[in-house]
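Below you'll find the structure, written out as C-alpha cells, and then a few comments.
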Amino acid sequence: MALLKNLIPHHSALSLVDNSTSLRQALQIHAHLLTSGAFTHDPSSFNSFLSSLALSSSPPLLSYSHFLLFTSPPQPPSFITVNSLIRAHSSAASDHGGLLGPAIHGVLTRFGCGTDRHVQSSLIHMYSSIGLVSHARVIFSDITDPDLVTITSMLTALTESGDVDSAREMFNEMSERDTVSWNAMIAGYVHLARSKDGLDLFGEMLNQGAKVNESTMVSVLTACAHLGALDQGTWVHAYIQKNRLKLNVTLGTSLIDMYSKCGSIERAMKVFWSMKEKNVFTWNSAINGLASNGATEECLELFELMERKGVVPDGVTFVGLLQGCCIAGLVQKGREMFSLMKDQYRIEPLHEHYGCMIDLYGRAGKLDEAVQFIHSMPIEPNVSAWRTLLHSCKMYNNVELGEYAMKEITNIEVNNDGAHVLLSNIYADNRIWKGVSSVRERMKERGVKKEPGCSVIEVHGVVHEFFVRGKSHPRYREIKLMLGEVDRRLRLAGYQANTKEVLFDIEEEDKEDALSWHSEKLAIAFGLVVLEDGVEIRIVKNLRVCWDCHHWTKFVSKTFDRKIVVRDRNRFHHFKDGLCSCKDYW
DNA sequence: ATAGGGTTAG
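Count the first sequence with the numbering used here and you get residues 90 to 675, in order.
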C-alpha cells in the first residue's frame with residue numbers, strides 16, 4: 090500500500106494523453122503492482138488508470154481495459170471514467186468494424202454501471218457513428234428529461250442516418266436552441282446535399298439573432314460550394330471578416346473550397362496564400378481546385394511546393410493530381426503520379442484512383458491501355474471503372490468495346506442508368522438505330538430511370554434550379570422568349586445544332602422532342618434575361634455537359650459577349666469569346 | 001494527483 094501511495098503521483102502524471110512514454114511507465118507500474126501483489130482497488134487510481142488506458146486510443150490497451158474491468162473489479166468506475174472508456178472505444182470503433190463501442194457498453198452494463206447525461210450523449214454518438222441509430226433511439230427514449238446537449242446528440246444521430254426530416258421535427262420542437270444545435274441542423278442538411286435547406290436555415294438563424302460561430306460558417310460555405318453560390322459565399326467571407334470570426338485552418342480551407350468550386354480559383358488561391366497555418370486538407374483543396382479549374386501546371390507546381398514544405402500527401406491529394414493530369418491529357422505525368430503514390434508514399438490506390446487512370450488513358454484515346462489497366466487491377470473493378478471506359482468508347486466511337494464494358498457493368502449492376510444512356514448514345518453516334526431502340530426498350534422494361542439533369546444558377550444571391558424543359562420556373566415565358574432570340578442570333582452566327590444528338594442525345598438528359606432544352610441552356614437563358622450586361626453567368630450542373638450544349642454555349646459567349654462558367658460533374662468550363670478553357674477536351 | 005457530453009473542411 091505504501092508502494093502504491095508512492096506511485097500515485099507518477100500514476101497521475103501518466104494519465105496525460107499525449108505522452109506515450111508516461112503511458113509506458115504507467116503500464117510498468119501497473120505490472121509491478123500486479124506481480125508484487127500490491128495492486129489494491131484504490132478507486133481513484135483505478136479510475137485514473139482506466140482513463141489513461143482509454144485516452145491512449147490504442148486498441149490493445151482498450152482491450153486491456155476490458156480485461157481489467159472483468160478481472161479486478163473494485164467499486165464500479167465513476168461516471169467520468171465510464172464516459173472516457175465509451176468515448177475512447179467509440180473513436181476507435183471505425184478501425185474494428187464498430188465492435189468496440191457496443192462491447193464496452195455491454196461490459197459496463199454487466200458491471201452495473203449507470204449512466205448520466207454525459208454518458209448518455211456519448212452512447213448516442215457512439216451508436217450513431219457505427220450506423221446503429223435504432224440503438225441510439227433506445228438510449229434516447231430511456232432518458233426522462235433530455236437536455237439541450239442530449240437532444241442535439243440525437244438530432245445529429247438522425248441526420249447521420251439520413252433522416253434529416255425527423256431531425257428537423259426534433260429541432261422544431263426544441264424548447265431552447267443554442268449555436269451548436271443550430272449548427273448541427275444546418276450541417277445535417279449540408280451533409281445530405283440539401284444545401285438550399287441548409288442556407289435557408291442559416292438565414293433563419295440570423296433572423297432569430299442566434300449567435301453564429303466558425304462551425305456555422307464552415308457548413309454554410311460547404312453549402313455555397315455545393316451550389317456554386319458565389320454571391321452568398323462572398324457574402325459569408327465578408328461576414329466572417331466583419332464579425333471578426335477566427336479564420337482557423339478549417340474555416341480557411343472551406344473558403345478555398347468554396348471559391349474554387351464556384352470557379353473563382355484566383356480568390357481561392359488568394360485565401361490559400363494568406364493562411365499562415367495550413368494542413369493537408371488545405372493543400373488538397375487548393376490542388377483539387379487548380380485541377381478542376383484546368384490550371385494543371387500550377388496544380389503540379391503546388392504539389393511540388395507541398396512536398397518541399399514537408400507536408401505529407403494522402404490519397405485525396407493524388408485524386409486531385411490524377412484528375413489534373415487527366416483533364417489536361419498528360420498521360421505520362423499521370424502514370425508517374427500513380428507510381429509516386431504507390432511506391433514512394435505507400436498509399437494503397439482506391440477505386441477513385443483507378444478510375445482516374447482509366448479516364449486518363451481513355452480520354453487520350455488509348456483505349457487498349459485503358460482495358461489492359463482494368464484487367465491488371467488488384468481489386469475488382471466497380472461499375473464506375475467500366476462506365477469510365479464506356480465513356481471513352483463514346484468519345485472514340487468504339488462500339489465493340491462499349492458493348493463489352495456494358496456487359497461487365499450489367500454483371501455488377503443491372504439497372505445502371507448512366508451506362509444505358511451512354512451505350513444508347515454510342516449506337517446513335519454510329520447510326521445503329523436497332524441498338525438504340527433495344528437499349529431504350531430495356532430501360533423501359535426494367536424501369537431504369539435516368540438521373541434528371543439539373544442546373545443551378547445564382548442570381549443576386551438567390552439560387553434558381555432548372556430541370557429539363559424548365560416549365561416549373563415562374564419566369565418560364567421570358568426564358569422561352571430568350572431561347573428563341575438566342576436561337577435566331579446563333580443561327581446568324583453560324584451555329585448548327587447537332588441534329589444527330591438532338592434526336593438521340595440521351596447521354597445525359599432525355600431529349601424527347603426538339604422543344605425540350607437541356608437544363609443548362611435554360612439556366613444560361615435565364616442568366617441572359619436577368620443579369621446585367623457584362624456580368625459573368627455561372628452555372629452548376631449535376632451531370633456532364635453534352636456536346637451540343639457545349640457548342641451552343643461557346644457561341645453564346647461570343648454572340649452575347651458574356652463570360653460563362655459551367656461547372657459540370659467533373660470539372661469547370663470557362664467560356665469566353667467563343668472558346669472554352671477545356672479546349673473541347675472533356 | 002486525476003478522468004467527462006452535442007456542431008466544422010479536402
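Backbone N, C-alpha and C define an ideal beta-carbon position, used for all residues, glycine too.
Contact defined as beta carbons within less than 8 Å: I believe residue 369 pairs with residue 403. What is the distance between those atoms, to the nearest angstrom? 6 Å
Rounded straight-line distance, which links the Cα of residue 606 to that of residue 311: 29 Å
Contact set for residue 357: own chain, Cβ-Cβ below 6 Å, skip 5 residues either direction: 345, 348, 349, 378
How many angstroms separate the CA atom of residue 231 from the CA atom of residue 270? 21 Å
Would you give the residue range spanned by the beta strand (DSSP E) that residue 200 belongs to? Here residue 200 belongs to no beta strand (DSSP E), and DSSP marks it neither H nor E.
Assuming residue 210 and residue 238 are in contact, meaning their beta carbons sit under 8 Å apart, how far apart are those beta carbons, in whole angstroms? 6 Å
Considering only the beta carbon of each residue, do residue 215 and residue 190 sit closer than 8 Å? yes
For residue 568, is the beta carbon positioned less than 7 Å from some heavy atom of the ligand NAP? Among the components of this structure there are no ligands whatsoever, and the ligand NAP is therefore not found.
Please look up how many angstroms separate the CB atoms of residue 645 and residue 557, rounded, as I've assumed it's under 8 Å. About 19 Å; that fails the 8 Å criterion.
Can you tell me whether residue 468 is buried or exposed, with buried defined as 16 or more other CB within 10 angstroms of its CB? exposed
Along the chain, where does the alpha helix (DSSP H) containing residue 476 start, and where does it finish? 472-484
Sorted by chain position, which residues of the same chain lie with C-beta nearer than 6 Å to residue 430's C-beta, five sequence neighbours on each side aside? 407, 436
Using three-state DSSP, classify residue 664 as helix, strand or coil. strand
Taking all protein chains shown into account, do 16 or more other C-beta atoms lie within 10 angstroms of the C-beta of residue 200, making it buried, or fewer, making it exposed? exposed
Assigned secondary structure, residue 562 (DSSP; H/G/I helix, E/B strand, else coil): coil
Any chance the segment 328-343 sits against the segment 628-642, with 3 or more Cβ pairs inside 8 Å? no
Segment contact flag, the segment 303-317 with the segment 612-619, C-beta cutoff 8 Å, min 3 pairs: no
With distances taken Cα to Cα, identify the nearest neighbour of residue 495 among 304, 291, 528. 528
Measuring straight from C-alpha to C-alpha, what distance separates residue 355 and residue 325? 17 Å
Own chain residues within Cβ distance below 6 Å of residue 650, not counting five before or after: none
Nearest-angstrom Cα distance between residue 92 and residue 139? Low local confidence applies: a pLDDT of 38 at residue 92 is under 50, so the model's placement there is unreliable, with the coordinate-based value given in what follows. C-alpha separation (whole angstroms): 19 Å.
Using three-state DSSP, classify residue 376 as helix, strand or coil. helix
So if DSSP puts residue 656 in a beta bridge, which residue, or which two residues, is it bridged to? 629, 661
Mind reading off the beta-carbon distance from residue 488 to residue 519? Whole number of angstroms is fine, and I expect it under 8 Å. 6 Å
For the 8 Å Cβ check, are there 3 or more pairs between the segment 241-258 and the segment 279-286? yes
Counted within 10 angstroms of its Cβ, other Cβ atoms place residue 477 as buried (16 or more) or exposed: buried
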